[in-house]
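Visitor: First to last, the sequence lines map onto chains A and B. Sequence positions in the first sequence follow our numbering and run 1264 to 1375. Sequence positions in the second sequence follow our numbering and run 501 to 615. We treat Cβ as the ideally placed atom computed from N, Cα and C, and that holds for glycine. Because the structure is a prediction, the values reported are computed rather than measured. Just passing along the structure, written as C-alpha cells.
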Amino acid sequence: DAKTTQPPSMDCAEGRAANLPCNHSTISGNEYVYWYRQIHSQGPQYIIHGLKNNETNEMASLIITEDRKSSTLILPHATLRDTAVYYCIVRVANNAGNMLTFGGGTRLMVKP
Amino acid sequence: GAGVSQSPSNKVTEKGKDVELRCDPISGHTALYWYRQSLGQGLEFLIYFQGNSAPDKSGLPSDRFSAERTGGSVSTLTIQRTQQEDSAVYLCASSPLRGSNQPQHFGDGTRLSIL
C-alpha cells in the first residue's frame, strides 16, 4: 500500500470548515483513499473513501486531485466533537489480507 | 445494534490467567479482523477471518494467542497465560466482503490490563 503523509496537528475554530490534507504521491491506479478518525478511548471510525472522483456523505467531503497524488478531507462545519486524530490510508481494495495500517495521522483540535 | 460490538469493554486480570475477548460483527459482514493498539501506537494486525476460516494468522504474536469464528458471525480471541506486554486495546473490525472496496468498521475495543 502507498505511503501517506499528513501534518501532525491542526487547529480549527468551531463552526468553520476543517480542511485536512494528505499526500500520497506514490499512489497506484487501483488504490483507494480512505479516511478514518479516532476519538479518544473509541475505536477508529470510518469517514469516507474514494478512488478518483470527489465524494460527499453526511460526515464529510473528500477532494482528490486530478493526478491523485493528494487529497483533502473537508468537515464543513467543525464541532467540538470532531476533535480527534484523522488518518488517511491508501490501499488496494483486494490486496491479500486486507489489513489496515494507520500512520501518524493528524490530530485535529476544534476550539470554541 | 447496527455496529460492531465487543465485550467486555474493559478487562483487568492477573498475569498468567487466560482471557477471552468477544466480537459480534455487523450482520452480514463476511470478513472479520482483529487488531490491537498499545497506548499512543498505531494498529497492529493480528488475524482476519473470511467466513469461519482464517487465511491469515501472520499477526498473532505468539502461540498463546488464538482465535475462532463460528457460524460466520461471532468471533472470540483467546489469550492464554497472559503477560504484562499483552496489555493493550484489542479492536475488532468487520467488512462486507474481502476483495471489495468497502471499508472496515470497528468496534470500540476491549481494554485489557494485565497486572
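Taking Y533 (chain B) as the query, report the chain A residues whose CB atoms sit under 7 angstroms from its CB, ordered along the chain.
Guide: The contacting residues are M1362.
Visitor: Using a Cβ cut-off of 7 angstroms, which residues of the stretch 596–608 of chain B contact any Cβ in chain A, in chain order?
Guide: Correct list: R598, G599, S600, N601, P603, Q604, H605, F606, G607 and D608.
Visitor: Checking 8 angstroms against the spacing of the C-beta atoms, do I1302 (chain A) and A1347 (chain A) come in under that value?
Guide: Cβ distance < 8 angstroms, so I1302 (chain A) and A1347 (chain A) count as in contact.
Visitor: On the three-state DSSP scale, how would you describe D1330 (chain A)?
Guide: Of the three classes helix, strand and coil, the one that applies to D1330 (chain A) here is coil, per DSSP.
Visitor: Any Cβ of chain A within less than 8 angstroms of the Cβ of L565 (chain B)?
Guide: Before going on, a small fix: residue 565 (chain B) reads as Phe here, not Leu. Not closer than 8 angstroms to any Cβ of chain A, the Cβ of F565 (chain B) fails to qualify, so no.
Visitor: What are the start and end residues of the beta strand (DSSP E) that includes P1284 (chain A)?
Guide: It spans A1281 to N1286 - the beta strand (DSSP E) in which P1284 (chain A) sits, taken as one unbroken run.
Visitor: So, under 8 angstroms CB-CB, R611 (chain B) and G516 (chain B) are touching, yes? Tell me the CB distance rounded to an integer number of Å.
Guide: Actually they are not in contact, since the Cβ atoms of R611 (chain B) and G516 (chain B) sit about 19 angstroms apart, beyond 8 angstroms.
Visitor: Alpha carbon to alpha carbon, how far is F549 (chain B) from A1359 (chain A)? Give it in angstroms, no decimals.
Guide: Interpretation of A1359 (chain A) is limited by its pLDDT of 43, a score under 50 that renders its predicted location unreliable; the figure taken from the coordinates is listed afterwards. Their Cα atoms are separated by approximately 12 angstroms.
Visitor: Am I right that L1325 (chain A) and V1296 (chain A) are in contact with their C-beta atoms under 8 angstroms? What's the rounded C-beta distance?
Guide: Sure, about 7 angstroms apart at Cβ, within 8 angstroms.
Visitor: What's the gap between the Cα of A531 (chain B) and the Cα of G551 (chain B)?
Guide: One C-alpha to the other measures close to 6 angstroms.
Visitor: Less than 8 angstroms between the C-beta atoms of Q506 (chain B) and R522 (chain B), yes or no?
Guide: A contact, by the Cβ cut-off of 8 angstroms.
Visitor: For A1341 (chain A), is the classification buried or exposed, using 16 other Cβ atoms within 10 angstroms of its Cβ as the cut-off for buried?
Guide: A1341 (chain A) comes out buried.
Visitor: Please classify P603 (chain B) as buried or exposed, where buried requires at least 16 neighbouring CB atoms within 10 angstroms.
Guide: P603 (chain B) is buried by the Cβ-count criterion.
Visitor: Which residues in the same chain as C1275 (chain A) place their Cβ atom closer than 6 angstroms to its Cβ, once the five residues preceding and following it in sequence are excluded?
Guide: Closer than 6 angstroms at Cβ, skipping near neighbours: A1281, A1341 and V1373.
Visitor: Looking at chain A, is there any beta carbon in it that lies within less than 8 angstroms of the beta carbon of L539 (chain B)?
Guide: Taking Cβ atoms only, chain A never reaches closer than 8 angstroms to L539 (chain B), which makes this a no.
Visitor: Which of helix, strand or coil does DSSP assign to L1371 (chain A)?
Guide: Strand at L1371 (chain A).
Visitor: Counting only C-beta atoms, is L452 (chain B) closer than 8 angstroms to chain A at any point?
Guide: The question about residue 452 (chain B) has no answer here: the residues shown for chain B are numbered 501 through 615.
Visitor: Enumerate in chain order the residues of its own chain whose CB-to-CB distance from S587 (chain B) is below 7 angstroms, with the five nearest sequence positions on each side excluded.
Guide: If we look at S587 (chain B) and ignore the five residues flanking it on each side, its Cβ neighbours are L612, S613 and I614.
Visitor: Let's see if you can read the secondary structure: which residues bound the beta strand (DSSP E) around A1276 (chain A)?
Guide: It spans S1272 to A1276 - the beta strand (DSSP E) in which A1276 (chain A) sits, taken as one unbroken run.
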